[in-house]
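Position one of the sequence shown corresponds to residue 14 (the numbering used here), numbered consecutively onward. Cβ atoms here follow ideal geometry from the backbone N, Cα and C, with glycine treated the same way. Please read the structure below before turning to the comments.
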Amino acid sequence: MVGNWLKTTILMAGIVVLFGSVGAALGGAGGMMIALLLAAAMNVYAYWFSDKAVLKMYNAREVDASTAPEFYNMVKELAQNAQLPMPKVYIIDEDQPNAFATGRDPEHAAVAATTGIMRILTQRELRGVMAHELAHVKHRDTLISTISATIAGAISSIAQFGMLFSHDRERGVHPAVAILIMIVAPIAAMLIQMAISRAREFEADRGGAEISGDPTALAAALKKIHNYAHQIPLQTAEQHPETAQMMIINPLSGEGIKGLFSTHPNTEERISRLMAMAV
Numbered sequence: 014m015v016g017n018w019l020k021t022t023i024l025m026a027g028i029v030v031l032f033g034s035v036g037a038a039l040g041g042a043g044g045m046m047i048a049l050l051l052a053a054a055m056n057v058y059a060y061w062f063s064d065k066a067v068l069k070m071y072n073a074r075e076v077d078a079s080t081a082p083e084f085y086n087m088v089k090e091l092a093q094n095a096q097l098p099m100p101k102v103y104i105i106d107e108d109q110p111n112a113f114a115t116g117r118d119p120e121h122a123a124v125a126a127t128t129g130i131m132r133i134l135t136q137r138e139l140r141g142v143m144a145h146e147l148a149h150v151k152h153r154d155t156l157i158s159t160i161s162a163t164i165a166g167a168i169s170s171i172a173q174f175g176m177l178f179s180h181d182r183e184r185g186v187h188p189a190v191a192i193l194i195m196i197v198a199p200i201a202a203m204l205i206q207m208a209i210s211r212a213r214e215f216e217a218d219r220g221g222a223e224i225s226g227d228p229t230a231l232a233a234a235l236k237k238i239h240n241y242a243h244q245i246p247l248q249t250a251e252q253h254p255e256t257a258q259m260m261i262i263n264p265l266s267g268e269g270i271k272g273l274f275s276t277h278p279n280t281e282e283r284i285s286r287l288m289a290m291a292v
């Protein structure tokens, strides 16, 4: 637990330092402030309204104790275990097995699962998955991702308009260095942002195992989902790849985004860590 939170803290500090360094080199105080305000405005809007937009995007339908009693009551029991308010519960009519959580805070949270995941998983495995999603809610990972996205967006803005910001020659930045910063800085920000996402997935696995009390169930679920997800396309995710980081397993069919460029940790490592918790 401490390791994942420490890693997240260090990565968040790293992206802030990167923002300060790039801003000082290219934008100065004025450029930094403009870029940060622009990025913050976009991400504050996303923080408050993205849950509704994403659920609508995936044609998610809300269910309750009368329309999906077994699934709804499962989430209710897990939310009580986690000492969380009851989230809204949604089902997405898609064959790919996957699930996600959204909402700006525990009081405005929603969890969603595809019909595919409900079909291939046992009740015990599905319980592990939904506990993982509730762990994201409990850890306020939406807030963490919004902050990192805001700073990463600000870095990209400074880089994009670097030449405009850097007309003040008193900063003494050589044009070649400025161009290099403009290219490298957004990539570095993206890498840090993805590393934060991977750290939060590990922490949600751990938290989900504690909420459900059954780490091996989540491990078994991850193995099944991983095997199925890359064989069954999720068209909405392909059209909106920015939503992929929300899912419990990367829903994108392409195999090119790996390692440093992945928003999700290696599934085998996730399973290994969960199995270690069961010993």
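DSSP places T115 in the strand class (E or B) of the three-state scheme. Secondary structure at A81: coil, using DSSP grouped into helix, strand and coil. Contact between V124 and V88 holds, with the beta-carbon distance rounding to 6 Å and staying under 8 Å. Taking C-beta atoms as the reference points, V150 and A208 fail to come closer than 7 Å.
Boundaries for I284: no beta strand (DSSP E) harbours it, while the alpha helix (DSSP H) harbouring it runs T280 to A291, taken from the DSSP string. If you draw a 10 Å sphere on the C-beta of V67, you find 16 or more other C-beta atoms in it, and that means buried. Among the bridge pairs identified by DSSP, R74 is matched with I104. The three-state secondary structure of T127, taken from DSSP, is strand. Under the three-pair Cβ rule at 8 Å, the stretch 202-217 does not count as touching the stretch 117-136. Residue nearest to A222 within the set L97, T128, V142 and E281 is V142 (criterion: CA-CA distance). The Cβ atoms of N111 and M260 lie closer than 7 Å to each other. Within the model, the alpha-carbon separation for A122 versus A189 is close to 47 Å. Proximity to H145 across T80, Y71, D227 and P82 peaks at D227, based on C-alpha coordinates. Distances from the CA of E216 to each of T80, A78, L287 and D118 were compared; the closest alpha carbon is that of L287.
For P98, the number of other beta carbons within 10 angstroms of its own is below 16, and it is reported as exposed.
Relative to A95, the option among L139, S169 and I224 whose CA is nearest is I224.
The three-state reading of DSSP puts M195 in helix, counting H, G and I together.
Each of A291, T127 and A212 was checked against the Cα of S275, and the nearest Cα belongs to A212.
Here E214 is near P278, since their CB atoms are less than 7 Å apart. Between Q93 and the set L147, M290 and E255, the nearest pair of CA atoms involves L147. Nearest in C-alpha terms to P100, of all of Q244, F84, T128 and D108, is F84. Judged by DSSP in its simplified three-state form, M260 adopts strand.
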